[in-house]
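*Asks:* In my numbering, the protein residues as written are 8 to 256.
Glycine included, each C-beta is placed from N, C-alpha and C at the ideal position.
Owing to the predicted nature of the structure, the values given are computational and were not obtained by experimental measurement.
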C-alpha cells in the first residue's frame with residue numbers, strides 16, 4: 008500500500024480473537040462509499056489468544072489492513088497511541104475491538120467533522136452489564152464534578168478527529184477516557200452525537216468498577232491539574248491562523 012490514505016481507522020485489541028475479522032469487514036463495509044483511501048491500523052496489545060493470528064489473516068486478505076503488536080501488555084491508551092503514531096491519514100477514527108461500537112456510525116460522524124475538529128459518540132442505549140453501566144455512571148459524575156465536563160460519554164471510544172488534534176493531547180495511561188475534554192480545553196471544536204451500541208458477542212470485558220476506581224481517581228487529579236496549565240495550541244475551527252503580534256497591536 009503506497010498511496011497515502013486520508014482516513015486511518017485505529018483499533019486496539021486485547022484477547023479479541025473472535026472479533027477481529029468481523030470488525031475489519033464491518034469497518035470496510037461502513038466506509039465503502041467513501042471516495043478517499045482508507046487504512047485500518049490494528050494494534051494487538053500483547054494478546055495471549057489468537058488475536059495476532061487473526062490480524063495477520065486480515066492483513067493478507069486486504070492490503071488496507073496494517074498490524075502492530077506490542078511486546079508486552081501496555082493498556083488501551085498505549086495501544087491507541089501506537090496506532091496514532093503509525094497512522095498516515097489526516098483524519099483519524101477509533102473504535103473498540105469488542106464489536107460493541109458500530110462502524111456504521113462513521114459516515115455520519117465524518118459528515119459532522121466537516122464543521123469541527125473532533126466528533127465523539129455518546130452511547131444513548133448501552134447494551135452492557137449493570138456493572139459496566141454503574142461504573143460509567145460513577146465515572147461520568149466524577150468527571151463532571153472534578154473537571155466541570157459537560158460531555159455525556161467521554162468513555163465512548165467511537166470517535167473521528169483531525170490528526171492535528173494530537174498536538175493537544177499528552178500521552179499517558181488513561182488518555183482514551185479524557186480525549187474530548189483535553190482537546191476542547193486546547194481550543195478544538197468538539198461535537199458529541201448519539202451512536203449505537205451492541206451487546207458483546209465474543210470475548211470478555213476487561214473493565215469493571217473496582218479495577219478502574221483507584222486509577223480513575225488518580226487520573227482525575229492529574230488531568231484536573233493539567234487542564235489548568237494546558238496551552239491553547241489549536242487554531243479554532245474556521246480560523247486560518249492565530250493572531251500575529253502585529254494584529255494584536
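Quick check on the DSSP output: the alpha helix (DSSP H) that includes residue 187 runs from which residue to which?
*Replies:* By one-based count along the chain shown, residue 187 stands at place 180. Note, residue 187: alpha helix (DSSP H), 186-192.
*Asks:* In chain order, what are the residue ranges of uninterrupted alpha helix (DSSP H) at least 4 long that sit wholly in the stretch 80-117?
*Replies:* With a minimum length of 4 residues, the continuous alpha helix (DSSP H) runs that stay inside the stretch 80-117 are 83-93.
*Asks:* Alpha carbon to alpha carbon, what distance is there between residue 129 and residue 47?
*Replies:* As a first step, residue 47 must be located in the chain shown, where it is residue number 40. As a first step, residue 129 must be located in the chain shown, where it is residue number 122. Answer to the nearest angstrom: the Cα atoms are 23 angstroms apart.
*Asks:* Can you find the residues in the same chain that come closer than 6 angstroms, C-beta to C-beta, to residue 170, ignoring five residues on each side of it along the sequence?
*Replies:* Numbered from its first residue, the chain shown carries residue 170 at position 163. For residue 170, where only same-chain residues beyond five positions count, the Cβ hits under 6 angstroms are 97, 99.
*Asks:* Report yes if the C-beta distance between residue 179 and residue 84 is below 8 angstroms; otherwise report no.
*Replies:* The residue given as residue 179 occupies position 172 in the chain shown. The residue given as residue 84 occupies position 77 in the chain shown. In this structure, residue 84 lies closer than 8 angstroms to residue 179 by Cβ.
*Asks:* Might you give, ordered along the chain, the residues of its own chain that have their beta carbon closer than 8 angstroms to the beta carbon of residue 11, omitting 5 neighbours on each side?
*Replies:* Within the chain shown, the letter at position 4 stands for residue 11. Cβ within range, chain order: 44, 95, 96.
*Asks:* Sort out for me which residues DSSP pairs residue 16 with in a bridge.
*Replies:* Counted from its first residue, the chain shown places residue 16 at position 9. Its beta-bridge partners are 47, 100.
*Asks:* Taking three-plus beta-carbon pairs below 8 angstroms as touching, is the stretch 195-205 in contact with the stretch 119-129?
*Replies:* Yes: the two stretches touch, three or more of their Cβ pairs being nearer than 8 angstroms.
*Asks:* Counting pairs of Cβ atoms below 8 angstroms between the stretch 58-76 and the stretch 26-45, do you hit three or more?
*Replies:* Touching, per the Cβ criterion.
*Asks:* How would you label residue 55, buried or exposed, when you count the other beta carbons within 10 angstroms and need 16 or more for buried?
*Replies:* Here residue 55 refers to the residue found at position 48 when the chain shown is read from its first residue. Per the 10 Å Cβ criterion, exposed.
*Asks:* Looking at the strands, I want to know which residues DSSP matches up with residue 129.
*Replies:* As a first step, residue 129 must be located in the chain shown, where it is residue number 122. 201, per the DSSP bridge assignment.
*Asks:* Is residue 40 buried or exposed, if buried means 16 or more other CB atoms sit within 10 Å of its CB?
*Replies:* Counted from its first residue, the chain shown places residue 40 at position 33. The residue is exposed, with fewer than 16 neighbouring Cβ atoms inside 10 Å.
*Asks:* Residue 74 to residue 59, Cα distance in whole Å?
*Replies:* By one-based count along the chain shown, residue 74 stands at place 67. By one-based count along the chain shown, residue 59 stands at place 52. So the two alpha carbons sit approximately 8 angstroms from each other.
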